[in-house]
Structures are given as structure tokens and as C-alpha cells.
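Residue numbers for the sequence shown, in mature numbering (1 follows the signal peptide of the UniProt record, and there is no 0): -26 to -1, 1 to 758.
Beneath this line is the structure, given in C-alpha cells, with notes to follow.
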Amino acid sequence: MAEETLGKSVVSWLVLVLLLLLEVKAHGCPARCQCNLVHVPRTVNCAGLGLQAFPENISDVVEHLDLSGNLLTELPAEVNRLTELQQLNLARNKLSSLPVNLRGLGNLRKLDLSENALKDPQPDLAGIAHLARLKTLYLAGNPLAELDGLKNAALQFLSADSCGIERLKNTSLSGLPELTKLSLSGNPLKDIKDPYSLKLKGLDLSKCQLKVLSPRAFQGFPELIDLRLADNPTLVYSTRYETLRHQKLQKIDVSRCDLDRPGLHGFPSLTYARLSSNSIRMLPDRIFAKNRELTHLFLDYNHLERLNKSTFANLLRLQVLDLSANGLKAVPSMAFRDNIELQFLNLSDNYMVDFPKLSTSVISLDLSANLISRVDPNSLSGTPSLYHLNLSKNLIDEMPSGLDSGTLRNLILRRNRITSLENVSLSGLPELEKLDLSGNMLTKGVTPEIFFDNPNLRHLYLHDNPWICDCTQLYPGYMFLTSLAAKTETLICHSPKNVTGFSWKLACANEWKREILHKSSNKTWGLILVSLLTVVVLTGTIISIRHSMKLKRQARNQRLEVERAEVRERLRLLQRRFVPLFILTFLLKRSQRLQEELREVTSEPRIHPMELIGPPSYEEAVTMPRLARSLDALDTVTTDSRSTTVIRMTGSSESLRGGKKRRRPRRLRSQSEDNLTRREMRRQERLRRVRETGPTAGQNDNVVNRQEDDPDDKEGRSRNRPPTPTAAKRKSIRRMSTRNGTSTDDEDSEGGGDAGGRRIGRTVIRNLDREPRSGYRPSTDGDS
């Protein structure tokens, strides 16, 4: 229910607003007028409708009302109901007066009454005094004889141009206390008699008939800063003995006044002076010495023929100097030395034949429309900050080459006589961005190599030249122009006749197309050659890789052959020592398995210590597997109480039978061989003592010697030294012999052949009278 009520209220409000808008449109906008009463500012435009009476039904909320260009003869008092009105335009009507009472227009800020029939300010414009917020008033084109009697306490700007005012008296502006700017241009003013306005800052007296101004002509305007006296052809304000003075004047325009001297020394605060189009013929030294604040000085279109070195001395703040359109033939190089802030210097439209080698800090130098025919390479040495150089409309017939400037960006050579760009170097202009060569006599295309040292070039203008369209020769230049970031002007062919008037692109389209196709075909052949070269390189690489792999396989096969030969040699040695058949068979099978594994392994085979017959090389040592157990302490001899020598395997052999496995550090091969040598010497010493002292002594000695083993050997066993290949082979053969009843250790032969021996297990130890030779010894086992 609440939602329905809310919806009905919204609809009713919309209907009410629509009705109000329709009422405003019907009753607030006169016929044939254009109205905008919705958006701010609300306007009603009835200009140029030929209205003879003030239109009715104008909305009270209007802010801008335009009734200009009609036939209104009077303004009715009804206008006072427009209380919101801010701007009222009544220009180009036939109003001869205004209502005396205009109090209703309390918000009016701008009133235009120009080109009407107002004659006397006192009765005709009396109502203006009631406009409390009026800031701007236009009275131009009215037949006013003077401004006396015009009153408004808030008016700030008054324009009374071309009104017929002949006098500006002391009381002319007394009714306008807030006036800050007054324009009286185009009036027949001949004399100024001490006018007075405390707040006036701008005064325009141009296009009048002023003749002689006294030095105190503007002393009644103490705040005056802008004075315009242009287009007064008979004006004289400065003579040999006295001159116009003002302490606060900052800007003066006395152009087209036929002055023969600047006469600015009476304005110490002057910053802007325009003296254009006068008859000044000479500028003495330090003529502007009292204008130290001067920043802009325009002396163009005078009759200056020369400048002195000290003409512009003391102008330390001068920024803009215009000396164009004079008769200067030369400029001293030090003429602008003291102008340390000078930025824009215009010397165009003079008669200079040589490029002036100036010493100045300007960033823009205009030398156009002179008679310069040559630019030397060192011409810019005195302008370290030059940014823009204009040499257009001169007589230069060769492109300036060798110019050296690290700051120049714009070089204008338009409308000269340059015929060729060959053998030109612009390497001394690395910052060049714009080059204008239009309107010259270029016939041949541009060579891109000229601009290789100008990476910042963006604009290159070459139009209006008599191009000879040799398409082959133009193609590189055209491609370079199209590569620039900025759009290039259309280049027109001048010859041959069949393409005269055509652009480069149209005249050479077919030939350039063939050129592109030819280049593309060349690129295709180049791509094919590169592809073939790539294939050749890849093939050679593959062949070299295969050859290196083949060499590696051959080397591996040679190593395998060497290893197999070593295995055969070991077998031969074993056969020579009469190794039991099953051990030989085992070794043969192991050798076969090793050979098969070597064939299957693709990487470099590791060398087993058992396969070594001599000290390993460094490569063999690196590839040898790490031994899990040491076999140095497997061969130990002990004796029992019956004086019979018995072989017992201890140390790592017991660990192999199931004892605790101990990892021992690896020992050098040379140390193992030294231990074997010492053991062999000790064994021989023991055998010698046994033979000398008898079995008992031998038994005891063996026991003692066995118990008092070499400290070096114990130290080696305590460090878990790895067994040498010889010790490992002896251990394996001894183990097999013990199991089969055969012993190959030399200690088993200590009993002689006739002494007999004692059986321990399946092994019989014989006592020998002498040490047997190395080799196979028949077993004494009774079961064999």
C-alpha cells in the first residue's frame, strides 16, 4: 500500500514539473526568440528580428537577454522586473536614452549600448548610476561628445571607441571611481588636459589625432601600467629637451606613429615596448640604458641601417628583440653580448649578405629574407643554446655542411636555391628533429646516408622542388621518407613529361613494385642459401659427432681387448700353478660374465681390483669399485699344543662367515705391498727359528710371533685397510684349498716328506726340512 502511495506521489510531481515547463515555454519565451530557461545560464535570444518594441512575456528568471540588431527606440520601465538579469545586449538599435529608474536590474553586470543614438551622458545615461553591480559598459559608436556626467560607483571597464570625443579633461572620469580600464580608440582626441583617475591601469588612445603630449600628460593616472598610443601619425611625446614620463608604466605601444627616436628613457619600469613601423634611423650607444627592466623590444619596420656594439647595453633582462624589416647590412658579433637572457632574435627581411657570427645565448634566430648565400661550418660556434634557425628566402645554393651545434633541432632552408644533397654531412647536428628544404631546386632523390647521424629526425619537408622522377634513384629516399614518424608532404614530379604533375608514388608505382618483387626474390634466394648453409653445418656437426662416438667406441673396445688379454694372462698363470679344475672353471665363468657385462655396459667399465696385474693407472683407479671388506688379515697362522701347524682364518674371514661386518678405510696399494713384503720376511724368519730350535721351539715361536705381531700390521688392521688384489687372490685360493684338503700356502710345507704330519680336520700339516719352492704342492690328505 505504501509503495502505491509513493508511486502516485512521484507521478504527480513529474506532472507538476512538466506543467511548469510548459508554462515557462508558453509565457516565458517571446515569439520567434530562442530560449533556454532550463540550463544555467538561462538565456533569451531575440537578436536580429527587427523588433520595434520591447518583447513581452519574457521570463522573470532570464539571466542573459540579447536584443541586439533590432529597431528599438526606447527601453520600457517594464525591464525592471527582470531581477535575475546579468547581461543585457542592446547594441545596434536606435536607443536615444535609457529609463531614469533601473533599480530593478540590481544583478546586471554587463551592458552593451554600442552603436545607438546616445548623445549626452547626463540625461541619456543617468539610469546607469542605479546599476550597483555593473562592471562592463560598451558605448562605442554613439555620438558622445564627452564623458562628463557619466556616473557609476562599480564600473571597471568602459569602452567608448569611435564616439566623437574630442577632449579628455580633468573631470571626465570623476564619476567612475572604480574604473581600471578605459578605451577611447578611434576618437578625434587632439589634446589631453590632466585627466584624473586613481585606479586606472589601462588606457587605449590608439587611432586618435594626438599631436604633442606634455611630460605630465598622464600623471593623473598614478596606477597606469598599460598605455596604447599606436596609429597617431602626428604624435610627439619626446624631444631633445623633455620627454613623456611615468614611474609605473610597464607597457607602451607607439607603433605607426612616425617617430624618429624611441624616447623611452622616461619610463624606468618599462618591460614591453613596441616601436614598430616608425621612422627610426639610428640607435645611439646605450640609448636604452635607463630601461633596465625591458624584456620585449620591437623595432621592426623602421629604417635602421646599422647597429653599434653598445646599442643594447645594460638590457640584462631582454628576452625578445625584433629588428626585422630594416636596412641592416651587417650586425656586430658582440652587439648582443650583454643580453644574457636573450632568447628570440629576429633579423629577417634585412640586407645581410654574410651569415652573422653572433655571440649570444639566443635559442631562436630568424635570418630569413636576407641575401645570405653561404653558411660557413663554424657559423654557429657563438650560439651554444641555439634551438631554432630560420634561413628561408635567402640565396643559399649549397646545403650547409659541417655545421656544428649540439642543440639545434629545427633548421629551416625553405625557398633557397639548393640544387643537390650529395656529399652533404649533417653529423654535427645530432639533435636535429626538423629540416625544411621545400621550395628549392632539388632534382635528385634524397640519400638516406645523409641522416644516419640524426636519429631524432622526425620532419623532412621536400615539396615544391622540380623533381626528375628517376624511379630507381628516388626509391631509397622515398622509403626513408615513409619511415619517418611525421607525415611527409606529397612530392610531385616535374619531369619527364609523361609523369609531370604526378606524385612519386603514382609515377613510380609499377617500377617500384618490380623492384620490391626483385628484392623479395633476392631475399628468397638469400633465405635458400642460408638454409643450405645451415643444412651443411648441421650435417657436418652430425658427422663429427658420429665420428667422435666411433672413436670412443673403438677406444672402449681396445680397452676391453686389453682387459680380456689380461684375464687370459691371469688364467694362464693360474694354469701354470696347477689351480684345481673347479677354481679354473669358476674363474673362466667369472671372466665370461665380466666380458658379457662389459659388452652390455655402454658407459666406461669399472676395473675390478682382481683384474689388475700391476699398479693401476689414475684412470683405472678412478673407475675401480670401492671394496666392502679388507682381506689383508685373512691369512694368519697359529699352532696348538701338539706342535702341529694349523691354518686358521681370522679377521675379516670370520666376518665373511657371519660375523659383524666392519668397514675399513682404503689403503694405498703401495702400503699393502709393503706389508706383504714385511710379512714374508717375518714368515721366513719364523721358519728359520723353527728349523734351528725344533718343533717345540718352532711351535712356541709361532705362537709367540703370532701373538706379537708386527705393530704396523695391527695398526693397519685397526684402520680396516682394504686387501690388495694379490692378498685377495691368495685368500680365495687358500680357502678353496682348505676345503678340498689342499694348501697352497708355503707355511703348510713346514713338515718334510718323511717326517709325517698331523691331521686337523681334512687338512694335514707336514713338517718340512726346508722351505719348498713356490708352486703347486700335492695334498697329504688321506682321503684324496
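For every residue, glycine included, the Cβ atom is placed at its ideal position computed from N, Cα and C.
Same chain, Cβ closer than 6 Å to residue i, neighbours up to 5 away in sequence not counted
i	result
lysine 84	Gln61 and Thr110
residue 764	Since the displayed the chain opens at -26 and closes at 758, residue 764 lies outside it and no answer follows.
proline 162	Glu140 and Gln183
glycine 160	Asp135, Ser136 and Lys181
asparagine 90	Asn67, Leu69 and Asn116
leucine 25	Asn44
tyrosine 275	Ser250, Ser251 and Ala299
lysine 408	Asn384 and His433
alanine 481	Cys443, Cys467 and Val473
threonine 213	none
Reduced DSSP category for residue i - H, G, I as helix; E, B as strand; rest coil
i	result
cysteine 3	coil
leucine 480	helix
leucine 158	coil
valine 18	strand
leucine 163	coil
serine 565	helix
phenylalanine 454	helix
glutamine 8	strand
glutamine 293	coil
lysine 84	strand
asparagine 300	coil
tyrosine 170	coil
Beta-carbon proximity list for residue i, same chain, < 7 Å, skipping 5 on both sides
i	result
residue 761	Because the chain here runs from -26 to 758, residue 761 falls outside it and cannot be looked at.
lysine 82	In the sequence on display, residue 82 carries leucine and not lysine. The residues are Leu59, Gln60, Leu62, Leu105, Arg107 and Leu108.
alanine -1	Unreliable positioning characterises alanine -1 in this predicted model, as indicated by a pLDDT of 41, which lies under 50. The coordinate reading is nonetheless provided below. Excluding positions up to five away in sequence, the list is empty.
glutamine 96	Gly123
lysine 283	Pro306, Met308 and Ala309
isoleucine 314	Leu290 and Ser335
Status (buried if at least 16 other CB within 10 Å, exposed otherwise) for residue i
i	result
cysteine 426	First, the residue type needs correcting, since residue 426 is phenylalanine and not cysteine in the sequence shown. Per the 10 Å Cβ criterion, exposed.
serine 253	exposed
glutamate 216	exposed
threonine 269	buried
serine 295	The question names serine, yet the displayed sequence has leucine at residue 295. It is buried - the Cβ of leucine 295 has at least 16 other Cβ atoms within 10 Å.
arginine 16	buried
glutamine 8	exposed
methionine 373	buried
glycine 514	exposed
residue 789	In the structure as shown, the chain begins at -26 and stops at 758. Residue 789 is therefore absent and cannot be evaluated.
alanine 65	buried
arginine 202	buried
asparagine 368	buried
valine 53	buried
arginine 564	exposed
aspartate 168	exposed
Beta carbon of residue i nearer than 8 Å to that of residue j
i	j	result
isoleucine 172	isoleucine 139	What sits at residue 172 in the sequence shown is leucine, not isoleucine. No. Outside cutoff.
glycine 78	threonine 57	yes
phenylalanine 28	leucine 11	no
serine 88	alanine 114	yes
leucine 150	leucine 177	no
lysine 225	leucine 209	no
arginine 391	aspartate 371	yes
valine 336	leucine 354	no
leucine 257	leucine 278	yes
leucine 395	asparagine 428	no
isoleucine 32	valine 14	no
histidine 437	serine 412	yes
glycine 380	glutamate 405	yes
histidine 362	serine 338	yes
C-beta neighbour in chain C for residue i, strict 8 Å
i	result
lysine 526	Checking the listed chains, one finds no chain C in this structure; it contains a single protein chain.
Same chain only: Cβ atoms within 8 Å of residue i, ignoring 5 sequence neighbours per side
i	result
methionine 326	Leu302, Lys303, Ala304, Val305, Leu341, Asn344, Leu345 and Ile346
leucine 458	Leu431, Arg432, His433 and Leu434
glutamine 317	Gln293, Val294, Ser335, Val336, Ile337 and Ser338
valine 536	none
proline 330	Ala304, Val305, Ser307, Leu321 and Leu341
lysine 222	Pro196, Glu197, Leu198, Ile199 and Ser243
**Study point:** Contiguous beta strand (DSSP E) assignments of at least 3 residues, all confined to the stretch 333 to 376
**Key:** 338 to 340 and 362 to 364
Practice item. Output the residue ranges of the beta strand (DSSP E) runs that lie fully inside the stretch 182 to 214 and measure 3 residues or longer, sorted by chain position. Key: 200 to 202
Practice item. Would you list, in sequence order, the uninterrupted alpha helix (DSSP H) runs of no fewer than 4 residues that lie entirely inside the stretch 102 to 137? Key: none
Exercise for review: Scan the stretch 206 to 283 and note each continuous alpha helix (DSSP H) run of 4 residues or more that stays entirely inside, going in chain order.
Suggested key: The stretch 206 to 283 contains no whole alpha helix (DSSP H) run of 4 or more residues.
Check your understanding: What alpha helix (DSSP H) runs, 4 residues minimum, are completely inside the stretch 305 to 330?
Key -> none
Review point. What residue ranges within the stretch 366 to 431 form continuous beta strand (DSSP E) runs of no fewer than 3 residues, ordered along the chain?
Key: 384 to 386 and 408 to 410
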